[in-house]
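Student: In order, the protein sequence lines correspond to chains D and Y. Numbered according to the working numbering, the first sequence spans residues 23 to 268. Numbered according to the working numbering, the second sequence spans residues 176 to 515. Just so you know, even glycine gets a beta-carbon here, dropped at the ideal spot from N, CA and C.
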Amino acid sequence: MKILITVKIIYDPKIELRQQNGMLCFENISRVINPIDEESVMAAVDFKNKNPGVKLSAVCIGDDVDEKIYKYVLAMGVDEAFLIRSVKHRVKDLDDLTIAKVLKKFIKINKYDLVLTGKSTFGNNTGWVGPALAALLGWHQLYYAYNLLKFTTNELTVQCHAYNRTITFVVKLPCVLVCNFTNFIKYIGLTGIILMLNTPMKTVFLPDLHIKPNSCVETMELLAIDKPRKCKFFDDVNSLMDIIFG
Amino acid sequence: MKALIILEAINNRFSLTDQRLIDFTTVMCSSIDVLAINCNANRIMSLNWIDKAFIFACTRPINVLIDSYRLSLIVSGLMLKYDMVLVDNNSNLHHILCYAGATTNRCVVSGIHDVIDYNVFTTLVHGGKMLKHIYFKYPKPWLMSVKLFYPTFVGNKNETDGWLRVVPKIQIINFNTDHCIKLLTYSRKDLGPYGLDLPKLTEADIVIAGGKSFGTSENFRRWLLPLALKLGAAIGATRGAVESRCAPSELQIGGNSQVISPKLYIAFGISGSDHHLAGIRYAKTIIAVNTDKDAQIFDTANYAITSDMYKVITTMTGWLQNNTIRNTNFSVSKFKKIII
Numbered sequence: 023m024k025i026l027i028t029v030k031i032i033y034d035p036k037i038e039l040r041q042q043n044g045m046l047c048f049e050n051i052s053r054v055i056n057p058i059d060e061e062s063v064m065a066a067v068d069f070k071n072k073n074p075g076v077k078l079s080a081v082c083i084g085d086d087v088d089e090k091i092y093k094y095v096l097a098m099g100v101d102e103a104f105l106i107r108s109v110k111h112r113v114k115d116l117d118d119l120t121i122a123k124v125l126k127k128f129i130k131i132n133k134y135d136l137v138l139t140g141k142s143t144f145g146n147n148t149g150w151v152g153p154a155l156a157a158l159l160g161w162h163q164l165y166y167a168y169n170l171l172k173f174t175t176n177e178l179t180v181q182c183h184a185y186n187r188t189i190t191f192v193v194k195l196p197c198v199l200v201c202n203f204t205n206f207i208k209y210i211g212l213t214g215i216i217l218m219l220n221t222p223m224k225t226v227f228l229p230d231l232h233i234k235p236n237s238c239v240e241t242m243e244l245l246a247i248d249k250p251r252k253c254k255f256f257d258d259v260n261s262l263m264d265i266i267f268g
Numbered sequence: 176m177k178a179l180i181i182l183e184a185i186n187n188r189f190s191l192t193d194q195r196l197i198d199f200t201t202v203m204c205s206s207i208d209v210l211a212i213n214c215n216a217n218r219i220m221s222l223n224w225i226d227k228a229f230i231f232a233c234t235r236p237i238n239v240l241i242d243s244y245r246l247s248l249i250v251s252g253l254m255l256k257y258d259m260v261l262v263d264n265n266s267n268l269h270h271i272l273c274y275a276g277a278t279t280n281r282c283v284v285s286g287i288h289d290v291i292d293y294n295v296f297t298t299l300v301h302g303g304k305m306l307k308h309i310y311f312k313y314p315k316p317w318l319m320s321v322k323l324f325y326p327t328f329v330g331n332k333n334e335t336d337g338w339l340r341v342v343p344k345i346q347i348i349n350f351n352t353d354h355c356i357k358l359l360t361y362s363r364k365d366l367g368p369y370g371l372d373l374p375k376l377t378e379a380d381i382v383i384a385g386g387k388s389f390g391t392s393e394n395f396r397r398w399l400l401p402l403a404l405k406l407g408a409a410i411g412a413t414r415g416a417v418e419s420r421c422a423p424s425e426l427q428i429g430g431n432s433q434v435i436s437p438k439l440y441i442a443f444g445i446s447g448s449d450h451h452l453a454g455i456r457y458a459k460t461i462i463a464v465n466t467d468k469d470a471q472i473f474d475t476a477n478y479a480i481t482s483d484m485y486k487v488i489t490t491m492t493g494w495l496q497n498n499t500i501r502n503t504n505f506s507v508s509k510f511k512k513i514i515i
């Protein structure tokens with residue numbers, strides 16, 4: 023069974039954003055692998071260790087700058103890592119629809135059975151790629167997957183967490199899972215790092231789909247500014263409670 | 176403009192967020208239709224401001240996960256007649272809308288919480304630190320997944336008392352429930368991290384939160400749980416508390432793009448790091464309790480107490496026992512009188 027994990031590289035969420043000349047300044051901010059995607063990778067590696075016969079690949083759409091960060095995916099235990107690079111357009115200009123179409127073509131060529139996508143990213147909270155891929159490919163889909171159990175040739179057992187309950191499904195492959203793994207700790211061992219240095223990254227160039235990257239929405243980004251609040255200090259709790267609830 | 180809202184009734188009941196979503200849409204559109212899942216004709220009447228409602232007729236209740244394929248196709252067919260389609264961001268229907276959008280070559284914009292102008296919407300990204308103004312360029316219908324903050328528009332109940340109530344027209348859609356995803360087991364209801372039915376962080380009116388100064392998870396639970404039960408509040412935690420295992424990760428505010436907007440937010444022993452403050456920025460009233468007078472949270476708090484948090488919690492519980500609050504709605508209605 024071949025599993026593909028989609029990875030996105032985003033600006034580090036812990037770093038403060040600055041505003042410069044009225045626009046948000048994104049230079050010199052470090053980029054990291056989206057934490058939700060990291061957990062998907064770890065969960066898939068865990069699944070692979072329990073079930074031999076599973077081949078893992080990861081794919082990311084990015085620039086040259088991201089290659090050094092993306093290499094860590096190989097250290098985590100993924101067999102192959104693909105980095106899709108775009109020649110004509112900058113990656114930031116590609117909107118979600120184009121990304122989904124590019125990924126669909128990639129999946130069809132390489133014949134994957136299972137695709138794991140993340141629920142959302144920090145930069146854009148939609149998690150749109152998972153359902154879009156399912157729609158474009160015509161595959162089954164499941165949301166809120168949080169545990170992969172076992173698999174046979176045609177079917178996969180998955181646990182999902184929805185409606186405050188844990189539900190176990192048997193879904194026919196091929197299938198797209200929108201994942202929300204939370205229990206896996208990122209662990210890179212020494213063997214992982216050696217493997218990472220030996221295995222080269224495979225670069226794929228964006229297929230020429232004759233799509234102009236005009237996005238479907240136009241955005242303007244601003245820093246969210248705090249409404250200034252004036253603080254009143256109190257010494258006595260009872261008087262504060264009287265004011266609020268009294 | 177015409178809007179379509181997709182709602183799901185859990186246990187044949189609609190939640191407050193569903194009505195708030197409809198109120199939000201009345202600002203932009205003149206006519207609103209609702210596609211309601213797992214709901215019967217009687218229950219639809221409990222929603223205000225609707226023109227037309229679509230409900231399903233099927234042999235068993237629709238499970239959004241199993242029947243997602245067929246549901247998405249129905250949505251993608253219906254939505255072409257409308258100008259806007261809205262869904263709640265936290266619900267299971269968000270993915271249905273994404274799928275339906277992909278079939279018609281449209282992107283879904285999520286996290287929208289406000290509308291400024293005819294085609295300008297605001298959303299928060301990057302953990303609440305960045306505001307984005309979005310302007311749709313593709314042809315209608317515009318697909319939006321909305322994450323509302325505390326209701327900024329209260330339905331004008333006084334004005335509509337004298338009016339004739341418009342009864343929505345109901346259209347029934349037949350739904351075939353053969354499916355290819357087999358359901359194996361369905362566990363018992365997971366009652367949240369403390370085994371009790373506390374309100375959800377994103378929906379609660381009052382939220383109390385603790386930092387890592389509580390030390391152990393035993394301590395965290397022992398102090399905050401009784402106060403939360405008395406107030407009917409949800410419990411939250413900072414990222415420091417979650418990382419040092421004081422609190423389970425579902426309660427984390429800030430740092431995981433969880434932005435909440437309760438009416439009252441009380442922070443115990445929280446110094447206020449950037450991402451946490453970004454997560455609570457939209458709370459109406461903030462009370463901070465911290466022994467450190469220079470803590471950063473005091474810049475964004477409305478009221479502050481600089482004494483030991485354990486003493487404050489005991490005094491608060493004592494006050495609440497002496498002056499019984501009938502229910503949170505009663506106490507929350509008092510907030511209108513506070514001058515900030």
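1) Residue range of the beta strand (DSSP E) that F311(Y) falls in?
2) Can you confirm whether the region 466 to 484 of chain Y touches the region 245 to 257 of chain D when touching is taken to mean that 3 or more C-beta pairs between the two stretches lie within less than 8 Å?
3) Beta carbon of R187(D), beta carbon of Y369(Y): below 8 Å?
4) Where does L299(Y) land, buried or exposed, given buried means 16+ other C-beta within 10 angstroms?
5) What does a CB cutoff of less than 6 Å around I356(Y) pick up in its chain, not counting 5 residues either side in sequence?
6) Entirely within the region 94 to 133 of chain D and at least 4 residues each: give me those alpha helix (DSSP H) ranges in chain order.
7) Can you check whether the C-beta of N56(D) is within less than 8 Å of a C-beta belonging to chain Y?
8) Would you say L244(D) and L406(Y) are within 8 Å of each other, going by their C-beta atoms?
9) Would you please verify whether the beta carbon of V193(D) is less than 8 Å from any beta carbon of chain Y?
10) Looking at the C-beta of G411(Y), does it have a partner C-beta in chain D at a distance below 8 Å?
11) Quick one: which chain Y residues come within Cβ less than 8 Å of K254(D)?
12) Straight-line CA distance for D101(D) to I455(Y)?
13) Report yes if the CB atom of A412(Y) is closer than 8 Å to the CB atom of I383(Y), and no otherwise.
14) Given this structure, state the Cα-to-Cα distance separating T278(Y) from F311(Y), to the nearest angstrom.
15) Compare the C-beta of F311(Y) against all C-beta atoms of chain D and say whether one is closer than 8 Å.
16) Step through the CB atoms of chain Y and report whether any lies within less than 8 Å of the CB of A122(D).
17) Using C-beta distances below 7 Å, list every residue in its chain close to K126(D), excluding the 5 sequence neighbours before and after it, in chain order.
18) Looking only at C-alpha atoms, which of Y485(Y), S448(Y) and M491(Y) sits nearest to I472(Y)?
19) For the beta strand (DSSP E) containing E177(D), list its first residue and its last residue.
20) Grouping DSSP H, G and I as helix and E and B as strand, with all else coil, what is V417(Y)?
21) Tell whether a beta-carbon distance below 8 Å holds between R414(Y) and G430(Y).
22) For G493(Y) and A403(Y), I'd like the C-alpha separation in whole angstroms.
23) Between the C-alpha atoms of A463(Y) and K249(D), what's the straight-line distance to the nearest angstrom?
24) List the endpoints of the continuous beta strand (DSSP E) containing D264(D).
25) Go through its chain and collect everything with a Cβ distance to N202(D)'s Cβ below 8 Å, but skip five positions before and after it.
26) What did DSSP end up calling F443(Y) once you bin it into helix, strand or coil?
27) Suppose the cutoff is 6 Å on Cβ atoms and the five residues either side in sequence are ignored; what does the same chain contact list for T143(D) look like?
Tutor: Result, derived from the coordinates:
1) M305 to F311
2) yes
3) no
4) buried
5) I241
6) 94 to 98 and 118 to 132
7) no
8) no
9) It does: the Cβ of V193(D) has a partner Cβ on chain Y nearer than 8 Å.
10) no
11) Within 8 Å Cβ-Cβ: N477, Y478 and A479.
12) 41 Å
13) no
14) 18 Å
15) Yes, because at least one Cβ of chain D sits closer than 8 Å to the Cβ of F311(Y).
16) Yes, its Cβ sits closer than 8 Å to a Cβ of chain Y.
17) The residues L155, L158 and L159, in chain order, have a CB closer than 7 Å to that of K126(D) in the same chain once the five nearest residues on each side in sequence are set aside.
18) S448(Y)
19) Counting along the chain, E177(D) sits inside the beta strand (DSSP E) bounded by residues E177 to A184.
20) helix
21) In contact: R414(Y) and G430(Y) (Cβ atoms closer than 8 Å).
22) 14 Å
23) Approximately 17 Å between the Cα atoms of the pair.
24) Careful: D264(D) lies outside any beta strand (DSSP E), inside the alpha helix (DSSP H) at V259 to F267.
25) I58, K141, Y166, A167, Y168 and H183
26) strand
27) K30, I32 and N56
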